[in-house]
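Participant: Using the UniProt record's numbering, the first residue of the sequence shown is number 1, and each one after it goes up by one.
Glycine included, C-beta positions come from ideal geometry on N, C-alpha and C.
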Amino acid sequence: MDGVGTRPKACLTCAKAKVRCLPDTDGPCQRDVAALEAKLDRMVAMLAAPERSHRERVESGSMRSSSAVEENTAVPDETEGQLLMDVFFKKLFPLFPFVFIPPSVTAEELRREKPFLYLNISMVACQNARRQREIVNIVQAYVAEHIIIRGEHSLDLLQGLLINVAWFISISRFPQHCSYDQSPDAPKIDGPHVARSTTQLDTFAHLLVAQSYSLGLNQGLTYQKNMNYTLTHLKEAMNEEHPNPVRTLEERRTYLGCYYLTTMLSTCVKDLGPIIRFTRYVDECCNVLDQVAECPSDAYLVQLVRVMNLTDKIHQTLYNTELHSLSASSVPPPLGLTIRWLEDELKELKARTPNESPYSATLLKLHYNTLELHLYRISLNNEPSESNYGDHPLMRLNLLFRCLEATTSSFQTTLSLPSDLFPFFPFSIMCQFGKAIITLSQLLLYDHPGWDRAYVESIMDFDQTIDRMDSKLRAELPYFEQVAKASNDTELPEIFGRMELRAKLLKRMHRRRKEALEQNSLQTNVPPMDFEFMMNYPLDLIFPFDEIPSISGQFS
């Protein structure tokens, strides 16, 4: 009999099992459907098991973390913690508004709900060097146990790392083997201490990014669904408690802080590569915070992020060193045309400046100055051919002069900030100051026809500029001496010693290059004092580098 168009009496599954087939009228066998449902149930169970296990580990880990923090006698108690939180929100938060905690939250509540964030806020706000190092050791141990060993990820860990990296260079961190002060009366460090170095900064910055990715904060929830539709659908089916997760404002604010911080590090200190880029999702986060305006500082926060977007655009346009950034046959546009395009973007950005407190207005102005400095310092680069400056013979001199204006304005803006903020500067401000210092030295030593170095020196004297910045910081020295005296201590925060030593070192390096230039021997005897050279030098007050090695001779 011809079998074409006929149905077997039993499906393959029932035939193998030697049982009666139960076909639907217009569908597959009921036993086949049941088998498929059973397989699906097993898949869902397999997915649910690690989810439950992870949730249980996180929940139990949080309980153990809180318990461990509470049991450690070196952790700030409620009284000390409340004082440190007050310092943080009064002095530090206006400088870095990416971790907002409602004023109603007490120190005890923060310690219980977000122990790692509590530790890092206490650490950066502490004004006693010895006490600060005690908290540093707790933080280091916490990172090792919870992030490296246990592999945990949470908003608490991410926000704590964000604060940690932002104030990495401001923390007292004498190495175990030496002190900045080599005099017989220099304070000695009792007990073990983990020195914080450049390597750790790199590690912490990448841990910061890894935490944000593990939490999925780098993408919109819709994007995650589209990229992993099957798994997302199964997880939603088994997770009835939160069927429609919503990205919170706190999460958006925190991720924008990650973008701001890593972009500032890449463009002003050392290129970390494409760790976090300005995507449509980052722009969405900015727009949401702008519209909701839950926190008064959100408009200022959003503008900081947009400033870093343009900074990165300038960096990628003018200083990109990637081998395949342009095809071999492409010809770059004249530099003057590119500069004008970027100037228009900067002008549009400035027009969006929000009306905020005096601090934020001044800090935004500093960021604008750094943007202009970053834009115009391309004129100090001798690699672009003269043809790239267009037909106008004064194009390079014009850019050099604008670079000088931006550098001068940068120092004026920084010096206009209250002196009581200087000991609490995050590295996002300190590295802008450092970039301005290097650019000023380059402008004073730049040897190019038509460029008048004497005129530059009449505008800004290198040594006097550094001394003014140093004086601004040292104006706060009596206050910190009183703090130390109140705790029966003579040790001051290390930032005061670092600033004095770094100021002497910078002036000495600049003076050597100036003398060599005057003797027409700069190219043969002394390497140029360029930005990349300074980046490899241990100047961790200005840039977050390793401890300074022993140097023979005096800085006279």
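Which residue marks the beginning of the alpha helix (DSSP H) containing C431, and which one marks its end?
Facilitator: Here the alpha helix (DSSP H) through C431 covers F427 to L445.
Participant: Just the C-alpha distance for E435 and Q442, rounded to the nearest angstrom, thanks.
Facilitator: Sequence check: residue 435 is Lys here, not Glu. Roughly 11 Å between the two C-alpha positions.
Participant: To the nearest angstrom, how far is it from the Cα of D336 to the Cα of M395?
Facilitator: According to the sequence as given, residue 336 is Gly; it is not Asp. Straight-line Cα distance between these residues: approximately 7 Å.
Participant: Between the alpha carbons of F88 and W451, how many angstroms are there, rounded?
Facilitator: If you take the alpha carbons of F88 and W451, they lie about 46 Å apart.
Participant: Please work out which residues of its chain come closer than 6 Å, Cβ to Cβ, to R55, disregarding the five sequence neighbours upstream and downstream, and give them in chain order.
Facilitator: Residue confidence is low: R55 scores 48 on pLDDT, short of 50, so the model does not pin down where it sits. Its coordinate-derived value is still stated next. No residues qualify anywhere along the chain.
Participant: What residue does the alpha helix (DSSP H) around H510 start on, and which one ends it?
Facilitator: Unbroken alpha helix (DSSP H) run through H510: E494 to E518.
Participant: How is I121 classed by DSSP in three states: helix, strand or coil?
Facilitator: I121: helix per DSSP, three-state reduction.
Participant: N381: buried (16+ other C-beta within 10 angstroms of its C-beta) or exposed?
Facilitator: By the 10 Å Cβ count, N381 comes out exposed.
Participant: Identify which residue in S471, K504, I163 and R453 has its Cα closest to the Cα of I101.
Facilitator: For the residues S471, K504, I163 and R453, the minimum Cα distance to I101 belongs to I163.
Participant: Can you name, in chain order, every residue of its own chain whose Cβ lies under 8 Å from the Cβ of E345, other than the five neighbours on each side?
Facilitator: Excluding sequence neighbours, E345 sits near L310 and K313.
Participant: So, for I135: in the same chain, excluding its five sequence neighbours on each side, which residues have a beta-carbon less than 8 Å away from its beta-carbon?
Facilitator: For I135, where only same-chain residues beyond five positions count, the Cβ hits under 8 Å are A74, V75, P76, L119, S122, M123 and C126.
Participant: Run the CB neighbour count on W341, radius 10 Å, all protein chains shown included, and call it buried at 16 or more, exposed below.
Facilitator: So W341 counts as exposed.
Participant: Taking Cβ positions, are L95 and P426 nearer each other than 7 Å?
Facilitator: Yes. Within cutoff.
Participant: Do D156 and L117 have their C-beta atoms closer together than 7 Å?
Facilitator: Yes, Cβ-Cβ distance for D156 and L117 is below 7 Å.
Participant: Closer than 7 Å by C-beta to V456: which residues in its own chain qualify, once you throw out the five before and the five after it? Chain order, please.
Facilitator: L404, L443 and L444.
Participant: Can you tell me which of L201, R377, S410 and D463 puts its alpha carbon nearest to the alpha carbon of E500?
Facilitator: Nearest C-alpha to E500: D463.
Participant: Mapping DSSP to helix, strand and coil, what is V307?
Facilitator: Of the three classes helix, strand and coil, the one that applies to V307 here is helix, per DSSP.
Participant: Whose CA, out of C285, L301 and P423, lies closest to the CA of A475?
Facilitator: Ranking the options by Cα distance to A475, first place goes to P423.
Participant: To which residues of the same chain is K114 closer than 6 Å at the C-beta, ignoring the five residues directly before and after it?
Facilitator: The residues are D156.
Participant: Using a Cβ-Cβ cutoff of less than 8 Å, which residues in the same chain neighbour R306 once the five nearest sequence positions on both sides are dropped?
Facilitator: Counting only Cβ-Cβ distances below 8 Å, and skipping sequence neighbours, we find C286, L349 and R352.
Participant: Tell me which residues share the same chain as L161 and place their Cβ nearer than 7 Å to its Cβ, disregarding the 5 neighbours each side in the sequence.
Facilitator: Result list for L161: F204, L207, L208 and Q211, in chain order.
Participant: Does the Cβ of A361 have 16 or more other Cβ atoms within 10 Å, making it buried, or fewer, making it exposed?
Facilitator: So A361 ends up on the exposed side.
Participant: What is the rounded straight-line gap between the Cα of S458 and the Cα of Q412?
Facilitator: If I take the Cα positions, the gap works out to 16 Å.
Participant: In whole angstroms, give me the CA-to-CA distance for I138 and K90.
Facilitator: Cα to Cα, I138 sits roughly 24 Å from K90.
Participant: Output needed for G257: all residues of its chain with C-beta closer than 6 Å, excluding positions within five of it in sequence on either side, in chain order.
Facilitator: Result list for G257: F98 and L162, in chain order.
Participant: Checking 7 Å against the spacing of the C-beta atoms, do N72 and S487 come in under that value?
Facilitator: Not a contact, by the Cβ cut-off of 7 Å.
Participant: According to DSSP, is C268 part of a helix, a strand, or is it coil?
Facilitator: Looking at C268 - three-state DSSP - the assignment turns out to be helix.
Participant: Taking the alpha-carbon of T439 as reference, which of T465, H153, P418 and S428 has the nearest alpha-carbon?
Facilitator: For the residues T465, H153, P418 and S428, the minimum Cα distance to T439 belongs to T465.
Participant: Using three-state DSSP, classify E457 as helix, strand or coil.
Facilitator: Three-state DSSP puts E457 in a helix.
Participant: According to DSSP, simplified to helix, strand and coil, what is R474?
Facilitator: Residue state, collapsed to three classes: helix.
Participant: Within 10 angstroms of the Cβ of E356, are there 16 or more other Cβ atoms? Answer buried if so, exposed if not.
Facilitator: E356 should be labelled buried.
Participant: Which residue's Cα is closest to the Cα of E108: Q82, I276, D271 and L92?
Facilitator: Ranking the options by Cα distance to E108, first place goes to Q82.
Participant: Where do the N-terminal and C-terminal ends of the alpha helix (DSSP H) with N218 fall, by residue?
Facilitator: N218 -> no alpha helix (DSSP H), and no H or E assigned at all.
Participant: Among R511, S410 and R252, which one has its Cα closest to the Cα of T370?
Facilitator: Of R511, S410 and R252, the residue nearest in Cα terms is S410.
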